[in-house]
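Residue numbering for the sequence shown follows full-length UniProt numbering, beginning at 1 and increasing consecutively. Taking it in order: structure first as structure tokens, then the write-up.
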Amino acid sequence: MTKLPTRLEFTDRFVRGVKVEARTLFSDESWRPDLKRKRRGLLLMVEPSGTKTWYIRKREDGKRVMRSIGEFPELGVAGARERFDDVEDHPDSLSEAVQSVLGLDQPKVDQLTVRRLVNRYIEQEAEPFNRDWKNQERTLNTELVARHGDLPADELTAEHVLGIVQAALDRGSPRVAQEALKQIKSLYNWAMGRKRVRRREVAKADAKTATHRTAILDIARNPAEGIVAPTYKARSYHMEGKTLEGFQSALRESKLREDIKHILLLQMMTFCRVGEVAGASWSEIDLRNKVWTIPAERYKTGREHIVLLPKQAVTLLKTLPRHESGYLFPQPRAPRPIASDVVGKEINKRRKDMKLHKDFSSHALRHSGLTWLAANHCPHEVRERLLGHVVDSSGDMSQRYQHHEFMAERREWTQLWCDYLEGGK
């Protein structure tokens, strides 16, 4: 989808004939005489499959909210504008206004809608037990709630889920299609009481009450059952030999933006993920002791992660300017850090110039680092902690009694890795 809608004055001829290669938003530039302003909140979303859906967008509580009001050709341009004007004149929230204008029944206060089910699932299941719960929440809200949030949860059908999966495929996002299907299936398995009861670790004195998983929804079939999203081959590229040895110098000499170069260099030196480097702040960095502490709320595992900085990383950090925002890599026009997807976009712009492999991404730097560590006989326990992986002790009694964090070994192997990158030895 385009970040900003393409603006033009809608006509039936245009809407009927428009075709796109990727999901695209168009914004109406027609004039509303009574209010003397344009109807830019009236949007048309066009899918590559040919589906054309009308939406109304407005800002509520500082956030942009979108609600669908119909599809073309069942609802033409004139009808969509009429509905937009009625909704805009309505005194209530956008959701309530759309419900009223379309003549739909308001969901009862105690009715379990898809939106409420997702919120309950995130609060009771995802956040307490899944370290990646934020991604689960984002996927469910973006793909499911945005389309069917006000639908009673027990009325979601396989056709609804199929539409979500197909829409992701239509916009060229097979990974999103698979993830959306997985999360919806997991959501409804939980609501039907099918998922295993999670073991809660408590102190011995508090281990007094057993739990029983009960069903929230009384439905016979999970709406995501039977739907299959096409599989795709995940990229798993890494560099070795001369390609790896020459990467740093090639990166420094490239035409990439300086901040992107620095993000990639630090990522390579520290085995971190690109988002962890791009979002770093100076308050996390201790240059004197050569330590970078990534707080739990910023780390994928939900636990604090300690990075032992090699001398090359310290030297690089000392060259970076200090910004008022406190971030190492702030956005040019906002006091926020650079988003990780910006790094990917910049790499794609220079992929041909830098002669990068078609499967190269910033994550290939972690793959390359891990491969080098393994090839040079770095102990498994040290590798896992350098990469920030959680060591699962639930089924390994020896790990339950092992609390050593291998700090000295981690510093040694990080320095060996960076010396290799610098000198190719």
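Where a beta carbon is used, it is the ideal one built from N, C-alpha and C, also for glycine. In this text, all values refer to a predicted model and were calculated from it rather than measured experimentally.
Buried or exposed, going by whether 16 or more other CB atoms sit within 10 Å of the CB of residue i?
i	result
Y232	exposed
R16	exposed
N376	exposed
M407	exposed
S394	Because S394 sits at a pLDDT of 49, beneath the cut-off of 50, its placement in the model cannot be relied upon, and the following sentence gives the value as read from the coordinates. Classification for S394: exposed.
K3	Reliability of the predicted coordinates at K3 is poor, the pLDDT of 48 falling under 50, and the value obtained from them is presented with this limitation in mind. Answer is exposed; the Cβ neighbour count stays below 16.
W190	buried
S398	Because S398 carries a pLDDT of 47, less than 50, the predicted location of this residue cannot be relied on, and the following value inherits that uncertainty. Classification of S398: exposed, given that the 10 Å Cβ count is below 16.
G388	buried
A224	buried
N222	buried
K19	exposed
Can you find a CB in chain B that lies within less than 8 Å of the CB of residue i?
i	result
L117	In the displayed structure, chain B is absent; only one protein chain is listed.
Looking only at its chain, what residues have a beta carbon closer than 6 Å to the beta carbon of residue i, apart from the 5 residues adjacent to it on each side?
i	result
L373	R383
I219	D154
E143	I164, A180
E409	V382
E125	W190
V109	Low confidence applies here, because V109 scores a pLDDT of 48, under 50, leaving its location unreliable; read the following figure in that light. Nothing meets the Cβ criterion.
At what residues does the beta strand (DSSP E) containing residue i begin and finish?
i	result
Y55	52 to 60
V65	63 to 72
H305	305 to 308
Go through its chain and collect everything with a Cβ distance to residue i's Cβ below 8 Å, but skip five positions before and after it.
i	result
L43	P5, L25, F26, S27, D28, W54, Y55, I56, R57, M66
P295	E284, E304
E324	P335
Would you give the residue range spanned by the alpha helix (DSSP H) that residue i belongs to?
i	result
R138	133 to 139
V118	114 to 121
T319	311 to 319
P332	No alpha helix (DSSP H) contains P332, which DSSP labels as neither H nor E.
With C-beta atoms as the reference, is residue i less than 8 Å away from residue j?
i	j	result
Q183	L117	no
M192	L156	no
P152	L102	no
residue 427	F84	Residue 427 cannot be examined here, being either before or after the span of the chain that is shown, 1 to 425.
G149	V176	no
W282	L328	yes
W417	G369	yes
M45	R23	yes
L356	F271	no
E346	L265	no
D170	P48	yes
Which whole-angstrom value is the C-beta distance of residue i and residue j, which I expect to be below 8 Å?
i	j	result
I260	V277	About 11 Å separates the two Cβ atoms, so there is no contact after all.
A78	I69	That pair is no contact at about 13 Å.
To which residues of the same chain is residue i closer than 7 Å at the C-beta, ignoring the five residues directly before and after it?
i	result
Q267	V274, V277, S362, L365
P310	M269, T414, Q415, C418
F378	First, the residue type needs correcting, since residue 378 is Cys and not Phe in the sequence shown. Taken in chain order, the residues that qualify are W413.
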